[in-house]
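Enquirer:
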Amino acid sequence: AQSVTQLDSQVPVFEEAPVELRCNYSSSVSVYLFWYVQYPNQGLQLLLKYLSGSTLVKGINGFEAEFNKSQTSFHLRKPSVHISDTAEYFCAVRKRGSNDYKLSFGAGTTVTVRA
Amino acid sequence: EAQVTQNPRYLITVTGKKLTVTCSQNMNHEYMSWYRQDPGLGLRQIYYSMNVEVTDKGDVPEGYKVSRKEKRNFPLILESPSPNQTSLYFCATRTGGNYEQYFGPGTRLTVT
Chain A
11 AQSVTQLDSQ VPVFEEAPVE LRCNYSSSVS VYLFWYVQYP NQGLQLLLKY LSGSTLVKGI
71 NGFEAEFNKS QTSFHLRKPS VHISDTAEYF CAVRKRGSND YKLSFGAGTT VTVRA
Chain B
6 EAQVTQNPRY LITVTGKKLT VTCSQNMNHE YMSWYRQDPG LGLRQIYYSM NVEVTDKGDV
66 PEGYKVSRKE KRNFPLILES PSPNQTSLYF CATRTGGNYE QYFGPGTRLT VT
């Protein structure tokens with residue numbers, strides 16, 4: 011089974027400051043890794059994903075994440091946040107090479123951007 | 006436009022009164038699933054369907070039923086809702102070879 015730990019439940023940050031959201035996972039098999047964003051009163055939208063290859067992946071809205079296999083981490087970063095980045099962010103994993111498409115999610119990190 | 010729609014978006018009901026939350030997609034995706042989202046727990050899978058007439062349990066199936074009689078629809082049925090099923094529910098879909106799941110807008114259910 012896979013499990014995902016998001017190390018911060020709440021992250022307040024000032025506009026134009028950088029932000030990092032931490033995600034660690036545990037799995038007995040190889041996984042694909044994802045970050046989703048949920049804006050207030052909306053569904054989930056994919057920010058970025060790591061499938062294979064370069065460990066630094068870039069996503070939408072200026073976000074990027076780095077896969078670290080030895081530390082089983084997939085931290086999300088943005089160098090300069092905007093008010094519109096206020097949202098809840100979810101890290102998720104899925105077993106690699108499986109017909110089971112289930113995503114296992116972390117508990118979420120709420121990012122609040124202040125002017 | 007590619008869409009996953011859920012109805013209703015908001016529902017307040019009483020314990021024991023059967024209800025159905027509908028999910029419909031226009032992307033011809035084989036795979037559909039239901040998740041519930043609870044504070045501090047993230048999203049947990051309830052049921053999923055690999056294709057028409059093929060459904061299976063996820064991590065938290067107790068108290069829920071599903072059916073998949075046609076490709077585009079995947080309703081979630083609560084035969085006898087209880088207060089611990091108060092939650093935010095999401096339907097999701099994907100097609101083979103695509104690693105991304107597409108989520109509906111969510112249904113907020115309150116059971117009193």
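If you read the protein sequences in the order shown, they are chains A and B. Adding 10 to a residue's 1-based position in the first sequence gives its number in my numbering. Adding 5 to a residue's 1-based position in the second sequence gives its number in my numbering. All residues carry an ideal CB built from backbone N, CA and C; glycine is no exception.
From TYR99(A) to SER80(A), what distance separates their C-alpha atoms?
Expert: Along the first sequence, one-based indexing puts residue 99(A) at 89. Along the first sequence, one-based indexing puts residue 80(A) at 70. Each residue's alpha carbon lies about 23 Å from the other.
Enquirer: Between VAL14(A) and PHE44(A), what straight-line distance do the alpha-carbon atoms span, to the nearest angstrom?
Expert: Walking along the first sequence from the start, residue 14(A) turns up at place 4. Walking along the first sequence from the start, residue 44(A) turns up at place 34. Roughly 11 Å between the two C-alpha positions.
Enquirer: Smallest Cα separation from SER87(B): which of LYS23(B), TYR15(B) and VAL9(B)?
Expert: Residue 87(B) sits at position 82 when you count from the first residue of the second sequence. Of the candidates LYS23(B), TYR15(B) and VAL9(B), the one whose C-alpha sits nearest the C-alpha of SER87(B) is LYS23(B).
Enquirer: Restricting to Cα atoms, I'd like to know which of ASP61(B), PRO44(B), VAL57(B) and TYR107(B) is closest to ASN89(B).
Expert: Here residue 89(B) refers to the residue found at position 84 of the second sequence. The option with the nearest alpha carbon to ASN89(B) is PRO44(B).
Enquirer: Compute the distance between the beta-carbons of ARG124(A) and VAL39(A), then report whether it is under 8 Å.
Expert: Numbered from 1 along the first sequence, position 114 holds the residue referred to as residue 124(A). Numbered from 1 along the first sequence, position 29 holds the residue referred to as residue 39(A). Contact: no.
Enquirer: Does any C-beta atom of chain A lie closer than 8 Å to the C-beta of GLY68(B)?
Expert: Numbered from 1 along the second sequence, position 63 holds the residue referred to as residue 68(B). So, not an interface residue.
Enquirer: Can you find a C-beta in chain B that's less than 8 Å from the C-beta of TYR111(A)?
Expert: In the first sequence, residue 111(A) corresponds to position 101, counting from 1. Closer than 8 Å: yes.
Enquirer: Does the stretch 44 to 56 of chain A come into contact with the stretch 102 to 116 of chain B, if we say contact requires no fewer than three beta-carbon pairs (one atom in each stretch) closer than 8 Å?
Expert: Touching, per the Cβ criterion.
Enquirer: The beta strand (DSSP E) spanning ALA125(A) covers which residue range?
Expert: For the purposes of this step, residue 125(A) is taken as the residue at position 115 of the first sequence. Where ALA125(A) is concerned, there is no enclosing beta strand (DSSP E), given that its DSSP letter is neither H nor E.
Enquirer: Using a C-beta to C-beta distance shorter than 8 Å, which residues of chain B count as neighbours of TYR35(A)?
Expert: Position 25 of the first sequence, counted from the first residue, corresponds to residue 35(A). None at all; the shortest Cβ gap to chain B is about 12 Å.
Enquirer: Going by the beta-carbon positions, is the gap between LEU16(B) and THR112(B) smaller than 8 Å?
Expert: On the second sequence, position 11 is the one that residue 16(B) refers to. On the second sequence, position 107 is the one that residue 112(B) refers to. Contact flag set, yes.
Enquirer: Beta carbons nearer than 7 Å to chain A: which residues of the stretch 41 to 69 of chain B have them?
Expert: Per Cβ criterion, the list reads GLY45, LEU46, GLY47, LEU48, GLN50, TYR53 and GLY63.
Enquirer: Determine whether the beta carbon atoms of SER54(B) and ALA97(B) lie at a separation below 8 Å.
Expert: By one-based count along the second sequence, residue 54(B) stands at place 49. By one-based count along the second sequence, residue 97(B) stands at place 92. No, Cβ-Cβ distance for SER54(B) and ALA97(B) is not below 8 Å.
Enquirer: Given that a residue counts as buried once 16 or more other Cβ atoms are within 10 Å of its Cβ, and exposed if not, what is LYS196(B)?
Expert: Nothing can be reported for residue 196(B), as the shown portion of chain B is limited to 6 through 117.
Enquirer: Apart from the five residues just before and just after LYS194(B), which ones in its own chain have a Cβ nearer than 6 Å to its Cβ?
Expert: The structure shown does not extend to residue 194(B), since chain B is modelled only from 6 to 117, so the question has no answer here.
Enquirer: Can you find a CB in chain B that lies within less than 8 Å of the CB of PHE115(A)?
Expert: Indexing the first sequence from 1 puts residue 115(A) at position 105. Cβ-Cβ to chain B under 8 Å: yes for PHE115(A).
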